[in-house]
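Taking full-length UniProt numbering, the leading residue of the sequence shown gets 1, the next gets one more, and so forth. First the structure, in the form of structure tokens, and then the observations on it.
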Amino acid sequence: MAKYYAVRKGKKTGIFTNWDETKAQVSGYPGAQYKSFKAKADAEAYLKDEEEKPSSDFKKGKTPLVHWTNEVVVYTDGGSRNTGNVQGGHVKASDKAAWAYRIEVDDTVIPGSGGEFGATNNRMEIMALREALRKLVSLNLTDREILIVMDSTYVLNAINKGWMKGWKRNGWKRSSGKLLNKELWQELDRLLPQFSKLRYEWTKGHATNDGNIFVDELLNQTMDEMPDKGAKQPHVSHKPTKAHLTKPEVSAPALKKEPVIKKAEPTVADKAATERSVNDIAESLKKLGF
Numbered sequence: 001m002a003k004y005y006a007v008r009k010g011k012k013t014g015i016f017t018n019w020d021e022t023k024a025q026v027s028g029y030p031g032a033q034y035k036s037f038k039a040k041a042d043a044e045a046y047l048k049d050e051e052e053k054p055s056s057d058f059k060k061g062k063t064p065l066v067h068w069t070n071e072v073v074v075y076t077d078g079g080s081r082n083t084g085n086v087q088g089g090h091v092k093a094s095d096k097a098a099w100a101y102r103i104e105v106d107d108t109v110i111p112g113s114g115g116e117f118g119a120t121n122n123r124m125e126i127m128a129l130r131e132a133l134r135k136l137v138s139l140n141l142t143d144r145e146i147l148i149v150m151d152s153t154y155v156l157n158a159i160n161k162g163w164m165k166g167w168k169r170n171g172w173k174r175s176s177g178k179l180l181n182k183e184l185w186q187e188l189d190r191l192l193p194q195f196s197k198l199r200y201e202w203t204k205g206h207a208t209n210d211g212n213i214f215v216d217e218l219l220n221q222t223m224d225e226m227p228d229k230g231a232k233q234p235h236v237s238h239k240p241t242k243a244h245l246t247k248p249e250v251s252a253p254a255l256k257k258e259p260v261i262k263k264a265e266p267t268v269a270d271k272a273a274t275e276r277s278v279n280d281i282a283e284s285l286k287k288l289g290f
């Protein structure tokens, strides 16, 4: 089904039908405003700043991006392209992983995403929530009603079922041993109490929730843009080159210059004496028969 991206504030406003073109208009634009819709009429109404009514395309069980309260809605998601998701598999150091969030507040959409190598899905899910909470704190939204929507039962159960509190009581350890991603759970434990009106909602991943689909596409785009780990990078080399192995040339010390002594120019008297000596020699040779 086609999607329509309406950009109300951006480098170029209007309705677009693919995310890459939409991102080019809103990325880096201060206060960008945009939303995605399944019906073009809803996108047009959004541009006209009219009341947004859910389209008939939204069937029962589907969650539209339009919200009727002053609630801040946050979507988070994490993913990893690794072999650890199969039985007996392990995450490789070169596997790409990423997280993403989408914050909808007062007709403004604020997305965020990042990636790293060698991380699991669970780590990225925690990272997504942590980064979203950090952003909410920086936006001074801690006193607002906030709905967090995610598809990770692992993270939701850790918060809602008290797993995290139990780990904390146990010195941030699980009853079975080491707690993975301990530092992330500890930071969530510091962030969550700053919010007075948080509630959570689970959604099926990669299904019908537009917000969840948005963050899933965003984190996959982040992984697409990550260079392959181990790929040869320009201007970076840790192996010695021939230049590094060559002994440095040592310049010979400069020779000390001796002072140049100029011969004195002959005087008139000297020239006359020389001429007399020559004449005397010639006269003597003449007497000898030469």
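Just so you know, even glycine gets a beta-carbon here, dropped at the ideal spot from N, CA and C. It should be emphasised that the depicted structure is a prediction, and the values quoted were computed from it without experimental measurement.
N- and C-terminal bounds of the alpha helix (DSSP H) containing residue i
i	result
SER138	121-138
GLY162	Taken as a continuous stretch (DSSP letters only), GLY162 belongs to no alpha helix (DSSP H), as it is neither H nor E.
THR22	19-26
Contacts around residue i, its chain only, beta-carbon distance under 8 Å, and the 5 residues preceding and following it disregarded
i	result
ASN181	ASN122, ARG123, ILE126
LEU184	ARG123, ILE126, MET127, ARG130
VAL137	LEU191, GLN194
Check: residue i C-beta below 7 Å from any heavy atom of the ligand ADP
i	result
ALA132	Of ligands this structure carries none, so the ligand ADP is not represented either.
Whole-angstrom distance between residue j and residue i, CA atom to CA atom
i	j	result
ALA4	ILE159	For the record, residue 4 in the displayed sequence is Tyr; it is not Ala. Using only the alpha carbons, I get a separation of about 35 Å.
ASP151	GLY14	31 Å
PRO111	LYS12	18 Å
LYS168	GLN194	18 Å
LEU133	LEU139	10 Å
GLY177	GLN25	48 Å
LEU179	MET164	10 Å
GLN221	LEU192	28 Å
LYS135	ARG81	26 Å
LYS197	VAL149	14 Å
GLY166	TRP172	8 Å
GLU201	SER94	33 Å
ALA45	GLU104	18 Å
ASP107	GLN33	7 Å
ASN170	ASP189	14 Å
ALA98	MET223	6 Å
ASP20	SER175	46 Å
VAL215	ARG102	6 Å
GLU145	VAL109	16 Å
LYS229	PHE117	8 Å
ALA119	GLN186	18 Å
LYS40	LYS48	13 Å
residue 291	ALA43	Nothing about residue 291 can be read from this structure; the chain reaches only from 1 to 290.
LYS9	LYS35	11 Å
ALA2	LYS92	36 Å
PHE37	ASP210	8 Å
ASN18	VAL7	12 Å
LEU156	GLY79	16 Å
First through last residue of the beta strand (DSSP E) which encompasses residue i
i	result
VAL73	72-81
GLU187	Per DSSP, GLU187 belongs to no beta strand (DSSP E); it is in the alpha helix (DSSP H), 182-191.
GLU201	198-202
GLN221	Not the beta strand (DSSP E): GLN221 falls in the alpha helix (DSSP H), residues 210-225.
PHE16	14-16
TRP99	96-105
THR142	No beta strand (DSSP E) holds THR142; DSSP gives it neither H nor E.
Residues of its chain near residue i, where Cβ-Cβ distance is below 7 Å and the 5 sequence neighbours each way are ignored
i	result
LEU218	ALA100, PRO111, SER113
ASN212	TYR75, ASP77, VAL149, ASP151, THR203, GLY205
MET226	LYS96, GLY115
SER154	Checking the displayed sequence, the identity of residue 154 turns out to be Tyr instead of Ser. ASN122, GLU125.
GLY162	none
LEU141	VAL72, VAL105
ASP143	SER196
DSSP bridge partner residues for residue i (one or two, in chain order)
i	result
SER36	TYR5
VAL149	TYR75, GLU201
VAL109	GLU104
GLU116	ALA97
GLY177	ARG174
Residues of its chain near residue i, where Cβ-Cβ distance is below 6 Å and the 5 sequence neighbours each way are ignored
i	result
PHE16	TYR5, THR22
ARG199	LEU147
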